[in-house]
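Participant: One structure, as structure tokens, below. Some questions next.
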Amino acid sequence: MIFAHAIGSTRYTFDSLRTLLARATPLRSGDVLAGVAAGSAEERVAAQFALADAPLAHFLEEQIVAYEEDEVTRLIMDTHDATAFAPVRSLTVGELRDWLLSDEATPERLAALAPGLTPEMAAAVCKLMRVQDLIAAAAKIRVVTHFRTTVGLPGRLSARLQPNHPTDDARGIAAAMLDGLLLGSGDAVIGINPAGDNVAATVRLLELIDALRHRFHIPAQSCVLAHVTTQLAALEAGAPVDLIFQSIAGTEAANRSFGVNLALLQEAYDAGRALRRGAVCADGSVGTNIMYFETGQGSALSANAHHGVDQQTLEVRAYAVARRFEPMLVNTVVGFIGPEYLYDGKQIARAGLEDHFCGKLLGLPMGCDVCYTNHAEADQDDMDTLLTLLGTAGVNYIMGVPGADDVMLNYQSTSFHDALYVRKVLGLRPAPEFEAWLKGDEFGRLKLEARTPERLLPA
Amino acid sequence: MSGITPGIWAARLRALTPARVGLGQTGVSQQTRDQLDFQRAHAMARDAVHARLDAAGLAKEIEGITGAAVVRMRSQAADRATYLQRPDLGRTLDAASLSELKALREPEPYDLVLVVADGLSALAVERHVLALLRTLLPKLSGWRMAPVCVVEQGRVAVGDAIGEALGAALCVVLIGERPGLSSPDSLGAYITWQPRPGRTDADRNCISNIRTEGLSYRQAAAQLHFLLTEARRRKLTGVTLKPEMPVLGEG
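Note that the protein sequences, when read in sequence, are chains A and B. This note's numbering applies: residue 4 is where the first sequence begins, and numbers increase by one. This note's numbering applies: residue -10 is where the second sequence begins, and numbers increase by one.
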């Protein structure tokens, strides 16, 4: 379909939905690198006008990545829920924005709408929204998940404890775990990025977390973020696998570059569910959300698997993959990929809020790794800004890294202190099970025993 | 000052990991000293990313070591902002550099071309390249060497175009790595058999973390020499070349 909009005497045309979405995207370096960005600010706003007039129903007719070529497109189309879509099927993208921000869009209606929206619809409306719109709409959507803790409740903000070490040294990782627990992090997950991707190390690290968890009766879940096949092998070797992690992207080809496809993720999901390691949570629900996914704008382009689609739309397509598997946690690692995709603090902040909003709109338990690398035009002030904005938007969880400095992955994220800050200024509390633990005798015992940390560490 | 000042347990934690564990608190926030320590580390990393390589000075110093003329070149990334946002341009030589190189091609092919590129840390190049070359070059006395090339605003893959233009069997790119908070001056070395545009990371072997606190010049030179010898013998580099590395003592 041809889309068009005139500004003054210039008529801008866009030859496909894919082109329209790309040209309407607020400026970011990755779309310029891909050669899909608008050529001028005026062209961009013309595309936004044209996109605002595009009927949502058209998104079910025109695919931006061919159905025959891409299993993510097939997943999106084959699982689309026409009944859930019905309340908005006559709207345009612009009208959807107005509806999302209206009082008509209650939390209940937004939750019911999620299976009726495709990623491309969510991405489209996001391109018409300012930062405050992304916050206002997302703040109405709560996605609550359970394993041993309950993550995503109103008034709560959880943290992933990320105790990485450059050589996976057990004592170094244990020291960072103790530090994070003492500062109230770990209620989303205790998740280690291993330096080396192998089964033996994965088993060893899972056992390390599990031993500490049992010793102090910590209501938390663990994860070692190796490749999914490595985690499956660890699971088969009898390792205590709680959450199963994988990085995912928005096209079949990009997922292939990560060494995964939908069938493999289904296999992991089935294997993890069968372990039944989740607990009865504070509200009586049994924890059955076992998947943990990470995403990030630009990953498809970096794998040369973007099909001429802009990076924000592709990011939301990754959420279609995620929601298939009822994940416990999903987070965008927003600033990790580097300045050729998100150049500076402004681009990173907007992308983080876009990802959070679009994920929540599609029904995902969105967290965010608020982060940057040293070659991005960003610093800790930019992280404070995005962290505070995400807190107001109701983000499910953030990262807790010792001093915000990840000494294994060589990037900067948010610290245990940062999590305490955002909880304090916004009146947010940890997950209820973890909050109770922090007030109880077991935490008191951890504090006492941590005074001689060497005794707590693996021999 | 109010808050929790970390005690002896914090020092014990810190002894176990390079991570920033055991930090104190004022309220819930970090204390001034810890915050400034972080800012100092970030400032060093930022300065390293944006430092301009003194290519003329470096070329002169390398000429002092090799006794041969060094070729100075530029990528198509005109400045640092472009370099950071357009990795494709940092991988491509500008037209003048390319034509100059082609004139240096000789009838008999070179065994090896050494390329020095600023990458993401000119600091790493300025601190470590000369010392590494002094250790490495004597090991390569039997090799037919192309002129050493110094590239400004270059990425690893710029070596592919250089190697192809010169007709070199192997290319080593010595390049400043992305600075971490605790490592603003880490140098990497990437080895590519039959370099030509289109090679990917899977086609290369890499030695990373060459710096005072990391891999020593002696270790790096020995590993490089070993990999180069193996690559020439087996006529390949990349994931299929996984030779047993020689184990070296420090000294």
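Each residue gets a CB set at the ideal place from its N, CA and C atoms; glycine is no exception.
For residue 175 of chain A, collect the residues of the same chain with a Cβ closer than 7 Å to its Cβ; drop the 5 residues on either side in sequence, then sort them by chain order.
Facilitator: For the purposes of this step, residue 175 of chain A is taken as residue 172 along the first sequence, with counting starting at 1. Closer than 7 Å at the Cβ level, and outside the excluded window around residue 175 of chain A, lie 168.
Participant: Kindly indicate which three-state DSSP category residue 131 of chain A falls into: helix, strand or coil?
Facilitator: Position 128 of the first sequence, counted from the start, is the residue given in the question as residue 131 of chain A. Coil at residue 131 of chain A, not helix or strand.
Participant: Let's test the definition: count the other Cβ atoms within 10 Å of the Cβ of residue 363 of chain A and tell me whether it reaches 16, buried, or not, exposed.
Facilitator: Looking up residue 363 of chain A in the first sequence gives position 360. The residue in question, residue 363 of chain A, is buried, as its Cβ has 16 or more Cβ neighbours within 10 Å.
Participant: So, is residue 62 of chain B buried or exposed, given that buried needs 16 or more other C-beta atoms within 10 angstroms?
Facilitator: As a first step, residue 62 of chain B is located in the second sequence; it is residue number 73 there, counting from the start. Buried, since its Cβ has 16 or more Cβ neighbours within 10 Å.
Participant: In this structure, does DSSP put residue 122 of chain A in helix, strand or coil?
Facilitator: For the purposes of this step, residue 122 of chain A is identified with residue 119 of the first sequence, where counting begins at 1. Helix at residue 122 of chain A.
Participant: How about residue 286 of chain A: is its C-beta nearer than 9 Å to some C-beta of chain B?
Facilitator: Stepping through the first sequence from its first residue, residue 286 of chain A is reached at position 283. Chain B, which has no Cβ nearer than 9 Å to the Cβ of residue 286 of chain A, makes this no.
Participant: Flag this pair as touching only if the region 101 to 120 of chain A and the region 137 to 150 of chain A have three or more C-beta atom pairs under 8 Å; answer yes or no.
Facilitator: Taking 8 Å as the limit for Cβ pairs, the verdict is that the region 137 to 150 of chain A does touch the region 101 to 120 of chain A.
Participant: Assuming residue 258 of chain A is part of the alpha helix (DSSP H), what are its boundary residues?
Facilitator: Residue 258 of chain A sits at position 255 when you count from the first residue of the first sequence. Looking at the DSSP string, the run of the alpha helix (DSSP H) that includes residue 258 of chain A is 255 to 260.
Participant: In the DSSP assignment, what residue or residues form a beta bridge with residue 196 of chain B?
Facilitator: Stepping through the second sequence from its first residue, residue 196 of chain B is reached at position 207. Answer is B:178, bridged to residue 196 of chain B.
Participant: Just to confirm, is the Cβ distance from residue 162 of chain A to residue 400 of chain A under 9 Å?
Facilitator: Numbered from 1 along the first sequence, position 159 holds the residue referred to as residue 162 of chain A. Numbered from 1 along the first sequence, position 397 holds the residue referred to as residue 400 of chain A. Yes, the pair counts as a contact, with Cβ atoms nearer than the cut-off.
Participant: Could you tell me whether the Cβ atoms of residue 249 of chain A and residue 294 of chain A are closer together than 9 Å?
Facilitator: Within the first sequence, numbered from 1, the residue matching residue 249 of chain A stands at position 246. Within the first sequence, numbered from 1, the residue matching residue 294 of chain A stands at position 291. The answer is yes: Cβ separation under 9 Å.
Participant: To be precise: take each residue of the region 10 to 25 of chain B, compare its Cβ to all Cβ atoms of chain A, and keep it if any distance is under 8 Å. Which residues remain?
Facilitator: Residues passing the 8 Å Cβ filter: 10, 11, 12, 14, 16, 17, 18, 19, 23.
Participant: List the residues of chain A that residue 215 of chain B touches, going by C-beta distances under 7 Å, in chain order.
Facilitator: In the second sequence, counting from the first residue as 1, residue 215 of chain B sits at position 226. Those do not exist, as residue 215 of chain B stays about 22 Å from chain A at its closest Cβ, beyond 7 Å.
Participant: Under 8 Å by Cβ, that's how I've got residue 124 of chain B and residue 206 of chain B pegged, so tell me the actual separation to the nearest angstrom.
Facilitator: As a first step, residue 124 of chain B must be located in the second sequence, where it is residue number 135. As a first step, residue 206 of chain B must be located in the second sequence, where it is residue number 217. Indeed, because the Cβ distance is near 5 Å, the residues count as touching under 8 Å.
Participant: Please list, in chain order, the chain B residues whose beta carbon lies closer than 7 Å to that of residue 457 of chain A.
Facilitator: Along the first sequence, read from residue 1 onward, the residue named residue 457 of chain A stands at position 454. The contacting residues are 1.
Participant: Along the chain, where does the alpha helix (DSSP H) that runs through residue 272 of chain A open and close?
Facilitator: Numbered from 1 along the first sequence, position 269 holds the residue referred to as residue 272 of chain A. From DSSP, the alpha helix (DSSP H) with residue 272 of chain A extends over 265 to 278.
Participant: With 16 other CB atoms within 10 Å as the buried threshold, where does residue 369 of chain A fall?
Facilitator: Here residue 369 of chain A refers to the residue found at position 366 of the first sequence. Buried is the call here.
Participant: Residue range of the beta strand (DSSP E) that residue 102 of chain B falls in?
Facilitator: Here residue 102 of chain B is taken as the residue at index 113 of the second sequence, counted from 1. Residue 102 of chain B -> beta strand (DSSP E) spans 99 to 106.
Participant: Give me the chain A residues within the contact set of residue 171 of chain B, using Cβ-Cβ distance strictly less than 9 Å, ordered along the chain.
Facilitator: The residue you call residue 171 of chain B lines up with position 182 of the second sequence. Result: 408, 410, 413.
Participant: In chain order, which alpha helix (DSSP H) runs of at least 4 residues are fully inside the region 380 to 431 of chain A?
Facilitator: Correct list: 383 to 396, 419 to 429.
Participant: Is there at least one Cβ from chain B nearer than 9 Å to residue 374 of chain A's Cβ?
Facilitator: The count along the first sequence starts at 1 and reaches residue 374 of chain A at position 371. Judged by the 9 Å Cβ criterion, residue 374 of chain A is not in contact with chain B.
Participant: Out of A:453, A:116, A:461, which has the shortest C-alpha to C-alpha gap to residue 1 of chain B?
Facilitator: Residue mapping note: residue 1 of chain B aligns to position 12 of the second sequence, counting from 1. Checking every option, the nearest Cα to that of residue 1 of chain B belongs to A:453.
Participant: Which residues bound the alpha helix (DSSP H) around residue 40 of chain A?
Facilitator: In the first sequence, the residue the question calls residue 40 of chain A occupies position 37. Per DSSP, residue 40 of chain A belongs to no alpha helix (DSSP H) and is neither H nor E.
Participant: If you measure beta-carbon to beta-carbon, which residues of the region 145 to 172 of chain B are closer than 7 Å to chain A?
Facilitator: Those residues of the region 145 to 172 of chain B that come within reach of chain A (Cβ to Cβ, closer than 7 Å) are 167, 168, 169, 170, 171.
Participant: Using the C-alpha atoms, what's the distance from residue -1 of chain B back to residue 251 of chain A?
Facilitator: Residue 251 of chain A sits at position 248 when you count from the first residue of the first sequence. Residue -1 of chain B sits at position 10 when you count from the first residue of the second sequence. Cα to Cα, residue 251 of chain A sits roughly 37 Å from residue -1 of chain B.
Participant: So, helix, strand or coil for residue 180 of chain A, using DSSP?
Facilitator: For the purposes of this step, residue 180 of chain A is taken as the residue at position 177 of the first sequence. The answer is helix: DSSP assigns residue 180 of chain A an H, G or I state.
Participant: Short of 7 Å Cβ to Cβ, which residues in the region 30 to 63 of chain B face chain A?
Facilitator: Under the 7 Å Cβ criterion, the region 30 to 63 of chain B contributes 31, 34, 35, 38.
Participant: Would you please verify whether the beta carbon of residue 174 of chain A is less than 9 Å from any beta carbon of chain B?
Facilitator: Numbered from its first residue, the first sequence carries residue 174 of chain A at position 171. Yes - at least one Cβ of chain B is within 9 Å of the one on residue 174 of chain A.
Participant: Is residue 159 of chain B near residue 226 of chain B, with beta carbons less than 9 Å apart?
Facilitator: Position 170 of the second sequence, counted from the first residue, corresponds to residue 159 of chain B. Position 237 of the second sequence, counted from the first residue, corresponds to residue 226 of chain B. Yes.
Participant: Starting from residue 361 of chain A, follow the alpha helix (DSSP H) in both directions and report where the run begins and ends.
Facilitator: Translated into positions along the first sequence, residue 361 of chain A becomes position 358. Per DSSP, residue 361 of chain A belongs to the alpha helix (DSSP H) from 348 to 364.
Participant: Could you tell me which residues DSSP pairs with residue 221 of chain A in its beta bridges?
Facilitator: Taking the first residue of the first sequence as 1, we reach residue 221 of chain A at position 218. For residue 221 of chain A, which the question treats as bridged, DSSP gives no partner whatsoever.
Participant: Output needed in chain order: residues of the region 31 to 60 of chain A with a Cβ under 8 Å from some Cβ in chain B.
Facilitator: Flagged, chain order: 32, 35, 36.
Participant: Within 9 Å (strictly less), CB to CB, does residue 226 of chain B reach chain A?
Facilitator: What you label residue 226 of chain B is simply residue 237 of the second sequence in a count that begins at 1. Not an interface residue.
Participant: Give every residue of the same chain whose Cβ lies closer than 7 Å to the Cβ of residue 260 of chain A, excluding the five residues on either side of it in the sequence, and list them in chain order.
Facilitator: Within the first sequence, residue 260 of chain A is the residue found at index 257, counting from 1. Excluding positions up to five away in sequence, the list reads 306, 308.
Participant: At a Cβ cut of 9 Å, what residues of the region 373 to 393 of chain A count as close to chain B, listed as they run along the chain?
Facilitator: Cβ contacts with chain B come from 376, 377, 378, 379, 380, 382, 383.
Participant: Output the boundary residues of the beta strand (DSSP E) element that contains residue 232 of chain A.
Facilitator: Position 229 of the first sequence holds residue 232 of chain A. Where residue 232 of chain A is concerned, there is no enclosing beta strand (DSSP E), although the alpha helix (DSSP H) it sits in stretches over 231 to 239.
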